[in-house]
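**Q** So for the sequence shown, the numbering used here puts the first residue at 227; every next one is plus one.
Yeah, the Cβ is synthetic: ideal placement off N, Cα and C, and Gly gets one too.
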Amino acid sequence: MTTAAVPTARPGLGAVLSRRASVVPALAAVAILLVLMTGAQIYFGNFVTPRVLSALLLDNAYLLILAVGMTFVILTGGIDLSVGSVLALTGILGARMMAADVSPALVVPVMLLTGATIGLLIGVLVQFFDVQPFIASLAGLFLARGLAFVVSLKSIRVEETSVLWLQSTRWRVGDWYITPTGILALLVVMAGAFVLAYSRFGRTIYAIGGNEQSARLMGLEVARTKVLVYVISGSCSGLAGLVLTAYSGAGYPRNGIGTELDVIAAVVIGGTLLSGGTGYVLGSMVGVFVYGTIKTVISFKGAEQAWMQITVGLLLLLFIVVQRVIVARSERRR
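As structure tokens, then:
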């Protein structure tokens, strides 16, 4: 007696589109970046050049590092408002230590550990004290900013050659160039993308953002993961503090004011849903470049910086609407 093979049903168009819907915002960010680049090239005539594009990475390296950490947090459905203040704290702390002739071999770990510690504090508040991420990270914002002013009320110039080397060194290929800070930012992006795509930790992050209760029922390490994403964000803030200090040549307690909003905007524009569960580090990188391109266009034009905020605000509204449409369609299919 033979049994007839049961044909495997092919997924319908709706199922395929549902699986691919998560990449739509990221692809939209790529499209907007291309439109911005094309429009700027047509208008200015000398925008899309190796010099300008190399400077785009150079000027936004610290923001790119912050965006990686923020992506991890937002993917779990959280938020981290402390990143700008932690950046300032680690920057001024590192500058103060180097001014006292402390070796960079000790200064850099202290900067990273300081950021990670504040991230750990926020993560513990969120996970074990059931404090809303907005409130917990707001507390971290005030704490880090206050500590930055305790370290110094004024900027502290950095004269440590090994730190300044991170920014002053430029490796060239023709008219293109890249600095150690740019390479560092790209390495952070690559590491973040790899962890999210190929590790159990990354899959747990997506599961928590998709449905935290289901993630618990699946036996995933929800508590540890939710704390660790804030530690990662804090560590990225510490590293960004080092990069910005090298970039500016000084630590300053007022650095990073409002930067948390820039980072969140870049991550959302890059396609990460604020509700969590959907997003990519590479999309956040595109979002940072969209933000940086707008800033560069405003600079080329010599326009008021208010137009920068207006443009980013409009883009943010657009992407929030796109996200809501995607979420609504996904819920209707369930």
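1. Between Gly497 and Ala257, how many whole angstroms is the CB-CB distance? I'm expecting something under 8 Å.
2. Return the chain-ordered ranges of every beta strand (DSSP E) run that is complete within the segment 358-442 and spans a minimum of 3 residues.
3. When you compare each of Asp401, Thr471, Val389, Gly435 to Ser329 by their alpha carbons, which one comes out closest?
4. Alpha carbon to alpha carbon, how far is Glu486 from Gly310? Give it in angstroms, no decimals.
5. Ignoring anything shorter than 3 residues, give me the beta strand (DSSP E) runs that lie fully in the segment 295-335, in order along the chain.
6. Between Val512 and Ala255, which are expected to be in contact by the criterion C-beta below 8 Å, what is the C-beta distance as a whole number of angstroms?
7. Rounding to the nearest angstrom, what Cα-Cα distance links Val249 and Thr537 in this structure?
8. Within the continuous alpha helix (DSSP H) that includes Thr522, where are the two ends?
9. Confirm, please, whether the CB-CB distance from Phe298 to Val455 is below 8 Å.
10. What does the Cβ neighbour count give for Thr395, buried or exposed, with the cut at 16 atoms within 10 Å?
11. Please determine, among Ala433, Val494, Tyr473, Arg480, the residue with the shortest C-alpha to C-alpha distance to Tyr517.
12. Please go through the same chain and pick out, in chain order, the residues whose beta-carbon is closer than 6 Å to the beta-carbon of Leu541, but skip the five residues on each side of it.
13. For Thr471 and Leu284, which I take to be in contact (beta-carbon distance under 8 Å), what is that distance rounded to the nearest angstrom?
14. With Gly435 and Gly503 assumed to form a contact (beta carbons below 8 Å), what rounded beta-carbon distance in angstroms separates them?
15. Identify, in the order they occur along the chain, each residue of the same chain with its Cβ nearer than 6 Å to the Cβ of Ala491, setting aside the five sequence neighbours on each side.
16. Hey, how far is the Cα of Asn481 from the Cα of Arg426?
**A** Reading it off the structure:
1. Not a contact, Cβ separation roughly 11 Å.
2. As far as the segment 358-442 is concerned, its whole beta strand (DSSP E) runs of at least 3 residues are 397-399, 402-404.
3. Checked all of Asp401, Thr471, Val389, Gly435; the closest Cα to Ser329 is Val389.
4. Taking the straight line joining both Cα atoms gives about 5 Å.
5. DSSP runs (the beta strand (DSSP E)) wholly in the segment 295-335: none.
6. Right, the Cβ-Cβ distance comes to about 5 Å (below 8 Å), so this counts as a contact.
7. Here the C-alpha atom of Val249 lies approximately 23 Å from the C-alpha atom of Thr537.
8. It spans 507-527 - the alpha helix (DSSP H) in which Thr522 sits, taken as one unbroken run.
9. Contact flag set, yes.
10. Classification for Thr395: exposed.
11. For the residues Ala433, Val494, Tyr473, Arg480, the minimum Cα distance to Tyr517 belongs to Val494.
12. Excluding residues within five positions, the ones whose Cβ falls inside 6 Å are Ile495.
13. Not quite, the Cβ-Cβ distance comes to about 15 Å (not below 8 Å), so this is no contact.
14. Your pair Gly435 and Gly503 checks out as a contact, with CB atoms roughly 3 Å apart and the cut at 8 Å.
15. Same-chain partners within the cutoff: Val538, Leu542.
16. Cα to Cα, the separation comes out at about 36 Å.
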